[in-house]
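One structure below.
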Amino acid sequence: MNTAVKVAIIYYSATGNITEIAREMADTAEKAGAEVRLRRVAELAPPEAIAANPAWAANAAATSEVPVATADDMLWADAVIMGSPTRFGNIASQLKQFLDTLGGVWHQGLLADKVYSGFTSTGTRHGGHESTLLALTHTFHHFGGIVVAPGYTHPGKFEDGNPYGTSHHDGGGTLPVDDTTRAAARIQAERVVRFARAIATPVAA
Ligand SMILES: Cc1cc2nc3c(=O)[nH]c(=O)nc-3n(C[C@H](O)[C@H](O)[C@H](O)COP(=O)(O)O)c2cc1C
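Below, the structure written as C-alpha cells:
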C-alpha cells in the first residue's frame, strides 16, 4: 500500500546552499509520493546585513515566495526534515528561534511520534558538519521524535560519507551544491518518506 504521507522541509539559508539542498529534498519526496511543504524560517538579520552580502541578498530575493514556517507545518507533517547552515559548529539562530516558538505544541505532545531528520552546509570541510547535525538532533529527541539518519544504508553514502545527514561544504562560498551532495539529499529524503510511510500505515487489527 502506497500510504500518502506529509513531509515538511523547514530550513534556514543565508547564501543559498541550504536552499538548494532543501529544494532537492522537496523534489525527491514529491517523486516518492509524499505531499510536501517547503518552508523557510523567518529571517532575523537586519536588512543592511543582508544587502551587504550579494549571495545573501540574491538568496533572499529568490526565496521570497517560499512560505515562512509556522507551528501548523509541524503539526501537519508526518515527517519533518530540517536544514541549517553551520554557525560556529551549531545551528543558525534563525532556525533555533523557530524551534523556540514550538514550546506550546511541544507541551501538548503534538510534536511526538513523527519522523525527524536534518541536513547542513558548512564553509570548510571539517567546520562542524556533525556537531551541527547532532545539535539539531537534541531538539528532535526532546520532541519525542523518531530520528531517521541516513547512516551508511545506501552505497551512495560512502561517497558523501556523513551518516548523520546530508552535508555540503561550500569552500568559503566557492563550491556550489554538487552532485555528491544532491545524491545524499535524495537518499535521505527517500529514506524519510519510506519511514514516514511505515509509521503512517495502519496496522491491521
Ligand atoms: C556567523 C557565521 C558562522 C559560521 N560558522 C561556521 C563554522 O563554524 N564552520 C564552517 O565550516 N562554516 C561556518 N560558516 C559558513 C557557513 O556555514 C557556510 O557558508 C554555509 O554553507 C552557508 O549556508 P547557506 O548558503 O545556506 O547560508 C559560518 C558563517 C557565518 C555567517
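Under our numbering, the residues of the sequence shown are numbered 149 to 353, in order.
For every residue, glycine included, the Cβ atom is placed at its ideal position computed from N, Cα and C.
Under 8 Å by Cβ, that's how I've got residue i and residue j pegged, so tell me the actual separation to the nearest angstrom.
i, j, result
"V189", "L243", "5 Å"
"T176", "R345", "No, T176 and R345 are not in contact; Cβ-Cβ is about 14 Å, not under 8 Å."
"M230", "L284", "6 Å"
"L247", "T287", "5 Å"
"T349", "T218", "With 8 Å as the limit, T349 and T218 do not qualify as a contact, their Cβ atoms being about 27 Å apart."
"E278", "Y312", "6 Å"
So, helix, strand or coil for residue i, using DSSP?
i, result
"F246", "helix"
"K262", "coil"
"T314", "strand"
"G321", "coil"
"G251", "helix"
"R235", "strand"
"R342", "helix"
"L223", "helix"
"R185", "strand"
"A156", "strand"
"T272", "coil"
Label residue i either buried or exposed according to how many other C-beta atoms from any shown protein chain fall within 10 Å of its C-beta, with 16 as the threshold for buried.
i, result
"R273", "exposed"
"V216", "exposed"
"T358", "The question about residue 358 has no answer here: the residues shown for the chain are numbered 149 through 353."
"F291", "buried"
"F306", "exposed"
"Q245", "exposed"
"D327", "exposed"
Assuming contact is defined by CB atoms lying nearer than 8 Å, are residue i and residue j in contact in what I supplied?
i, j, result
"I169", "Y160", "no"
"V325", "V155", "no"
"D318", "G276", "no"
Practice problem: Take every Cβ of the stretch 189-198, pair it with every Cβ of the stretch 296-306, and state whether three or more of those distances are shorter than 8 Å. | Solution: no
Quiz item: With a cut-off of 8 Å, do at least 3 Cβ pairs link the stretch 263-271 to the stretch 212-222?
Solution: no
Quiz prompt | Stretch-stretch touch, CB-based, cutoff 8 Å, three pairs: the stretch 232-251 with the stretch 199-206 | solution = no
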